[in-house]
Each structure stands twice: as C-alpha cells, then as structure tokens.
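Counting in the numbering used here, the sequence shown runs from 487 upward without gaps.
No residue lacks a Cβ here, since even glycine has one placed at the ideal position from N, Cα and C.
Keep in mind the model is a prediction, meaning the values are calculated, not measured.
Report on the structure given below.
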Amino acid sequence: MTEHIEVDGRIRTFTVVGERSAGQALMLVFHGSRQSGEIHRRFAGGAYDTLGEKGALVVYLDGYRGNWNDARRESRFPARLAGIDDVAFVRAVIARLAGTHGIDPDRVYAIGYSNGGQMVLRLLHEDASPLAGGAVVAATLPEPGSFVLPQVVPAPHPVPVLLVHGTADPVVPYAGGRMGRWAQLVFRVGGSSLSAPETAAYFTRRNGIATPPTTHADAASHPDGTRVERTDWREAGHPSVTFVTVHGGGHTVPGPKPGPRLVGRTATSISVADLAAEAFGLGA
C-alpha cells in the first residue's frame, strides 16, 4: 500500500508491505538512481518481501525525482540540487510506522542499492543514526575528500554491516576510483570512492573488530557465470561485518531475478534478502 507523508513542505511516498505487529522490526529499502520503490521491488524480484516472514515490516521508499540526497560531495542530481532532506524523510517514516504499524524504532534496518546504497552509507554516518544495521549493494564508500560527513573510527554506535559487490560492475568500480565518464554524465555524480574491499576494511575498523576474518569461496562458477566469495568479521562484543564478493557479477542485486544484461551478471545462487536477515538476526 502506498502512503504519503509531508516532509519539509513536500509530499513524499513509500510502499508498505505487511501488516501491523507490535514490536516488529522495520526494513527500509532504498532504490537506485532513476528508479522508484516499486520499480526496485520488481528489479529485485520481490525478494525483500520475504523478510516479512522473518518478522520485519518491509517498506520501499521513493526518492526525489528518482534519486537520494546521499553524502557524495560531487553529486549533481535533482535531490542534491534541491537540497532534499532525505534523513528527515527517513525519520518521519519511522515515526509514522511506529504509530500505525507497531514497529520497534530500535530495530530499524536498511538495504540500499547503488545510489540507495550511498544513502544507507549516509544514514550509518549520521549523528544518532536511526539504523540498527545496514546493507549496501553495488556501492562503495566515497574517499574522505568526497564524503560530506565525518568518518569517525571507531563508530560511536557501531551496528552490523553487510556489503555486496560484483567484480565486473560496469557502473561502480569494484576497484574504486572514479566512475566511468559515461556513468558520471548519465547519473550526474563525481568524486572518487574506495574499493569494495577497502570499504569492508573501513567498517571492520569502525566496528572495532581486530580478529582476522574467515573466508569461504565457491570452488567453481555457477551456471549464471558468477562465483561467490564471502568474508566474515566476527568478534565478541562487536557488531559483525559481512562482505560478499560476486566474481563476474555486475551492477545487480543478487537474488531470484536476473537483472538486465546491460548492467552485468546477477548471482542467483544467493539472495541479498537472506544475507540481510542473517546479518541482522531477523527470524532468529
């Protein structure tokens, strides 16, 4: 069901999947550039809807004119140019759903893809972040000079983090640096980013984890042409960090529905929804 809420003088929209249940967790889903919540819901094959079976209310948020005002300094898309306060939007949605659907404000998680992943990175770094955990798909942390928020290490309030990235991503390079010139023009962004492994290492430091990670990798590629490698950082008393590398994977969301071949291969042997449920302890 699509709902409307006024934030900063603008009517914003979001789609709620699920019914009222006192004390349930909330999963916020942030779409990529030029998408909407509903388009991203179809893009991911409806996989996030299944988190309702694990005790979470799932909400697909709609960005302003297809984008989020993330924390990349050089962003030039409409949400940035218009100064949209997407953090206020998130807080307003949480407050609304606490009243209408009984969600627990202390159990708010987020999954973001591409520009939506950048929005999750922003929320994880906001003062008094509303998130109890964040999953970032096909997005890497901007380098310090390209990030508008302080990168405090260790984090004041560390939370579990899941990172998923394809090595053949044609939009957001796995190796970091600048996006291709064509992508900068199409998506109206700039600046330089850390690599996906550097982003994982940053969150490991931010969560105060000193224990070496464990890594498991597929022995061979799957029929979809991808091979999955998972690295986990776990240490008692510290929130976990999970980093999933999709070798041969593109700018896609691993799960049941392959994305357009234009953006590369999709790993169908794993599901971001399942990984997020595990990382955040949903359904446990």
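Endpoints, the alpha helix (DSSP H) within which residue i is located
{"i": "W668", "result": "R667 to F673"}
{"i": "I580", "result": "D572 to T586"}
{"i": "L761", "result": "V758 to F766"}
Residues near residue i by beta carbon distance below 6 angstroms, same chain, minus five either side
{"i": "E715", "result": "A703 and T731"}
{"i": "F729", "result": "L649, A686 and T717"}
{"i": "F673", "result": "S519"}
{"i": "I570", "result": "Y550 and N555"}
{"i": "V493", "result": "A574, F575 and A578"}
{"i": "R528", "result": "none"}
{"i": "R566", "result": "N555"}
Nearest residue (CA-CA) to residue i, options the options
{"i": "Q782", "options": "A596, L547, L514 and V647", "result": "In the structure as shown, the chain begins at 487 and stops at 770. Residue 782 is therefore absent and cannot be evaluated."}
{"i": "P698", "options": "G711, P709 and R720", "result": "R720"}
{"i": "L649", "options": "G569, G588 and S681", "result": "S681"}
{"i": "A686", "options": "H643, F633 and A621", "result": "A621"}
{"i": "M487", "options": "V515, S707, G518 and E524", "result": "E524"}
{"i": "P740", "options": "G723, V727, A765 and D710", "result": "D710"}
{"i": "R751", "options": "S615, T653, L607 and E489", "result": "T653"}
{"i": "S679", "options": "S600, F563, R528 and V749", "result": "S600"}
{"i": "Y595", "options": "V502, L609 and T586", "result": "L609"}
{"i": "H517", "options": "I597, R582, R566 and P744", "result": "I597"}
{"i": "T700", "options": "G745, R582, G602 and T690", "result": "T690"}
{"i": "I756", "options": "F766, G736 and P742", "result": "P742"}
{"i": "V647", "options": "H526, A753 and E764", "result": "E764"}
{"i": "H733", "options": "T712, A722 and S561", "result": "T712"}
{"i": "T626", "options": "A661, T501 and P616", "result": "A661"}
{"i": "H737", "options": "A669, P630 and E629", "result": "A669"}
Whole-Å CB distance - residue i paired with residue j, under 8 angstroms assumed
{"i": "A624", "j": "D655", "result": "6 angstroms"}
{"i": "Y503", "j": "G538", "result": "Checking the sequence, you will find Val at residue 503 rather than Tyr. That belief holds up - the Cβ atoms of V503 and G538 are roughly 6 angstroms apart, short of 8 angstroms."}
{"i": "R558", "j": "Q604", "result": "6 angstroms"}
{"i": "G619", "j": "F500", "result": "No, G619 and F500 are not in contact; Cβ-Cβ is about 19 angstroms, not under 8 angstroms."}
Where the beta strand (DSSP E) containing residue i begins and where it ends
{"i": "V638", "result": "Unbroken run through V638: none, as it is neither H nor E."}
{"i": "G652", "result": "V647 to G652"}
{"i": "H643", "result": "First-last for H643: undefined, no H or E at that position."}
{"i": "V493", "result": "T488 to V493"}
Cβ-based neighbour list, residue i, same chain, cut-off 7 angstroms, excluding 5 preceding and 5 following
{"i": "E505", "result": "none"}
{"i": "V544", "result": "V503, G504, M513, V515, Y534, D535, L537 and G538"}
{"i": "G694", "result": "P640, P644 and H724"}
{"i": "A542", "result": "Q510, A511, L512, M513 and L768"}
{"i": "A759", "result": "A533, Y534, T536, L537 and G741"}
Cβ-based neighbour list, residue i, same chain, cut-off 8 angstroms, excluding 5 preceding and 5 following
{"i": "T586", "result": "R506"}
{"i": "A612", "result": "The residue asked about is misnamed: residue 612 is Glu in this sequence, not Ala. The answer, listed in chain order, is V573 and L635."}
{"i": "Y688", "result": "L627, Q637, V639 and L680"}
{"i": "P744", "result": "D710, T738, R751, T752 and T754"}
Continuous beta strand (DSSP E) assignments of at least 3 residues falling wholly in the stretch 498 to 568
Those beta strand (DSSP E) runs which fall completely within the stretch 498 to 568 and span 3+ residues are 510 to 516 and 542 to 547.
Every unbroken alpha helix (DSSP H) within the stretch 671 to 698, with a cutoff of 4 residues, ordered by chain
Counting whole runs of 4 or more residues, the stretch 671 to 698 contains the alpha helix (DSSP H) stretches 682 to 692.
Write down every uninterrupted run of the beta strand (DSSP E) in the stretch 592 to 633 whose length is 3 residues or greater and which is fully enclosed by it, in chain order.
Runs of the beta strand (DSSP E) lying entirely within the stretch 592 to 633 and spanning at least 3 residues, in chain order: 619 to 623.
Residue ranges of each beta strand (DSSP E) within the stretch 704 to 764, 3 or longer
Listed in chain order, they are 713 to 721 and 724 to 733.
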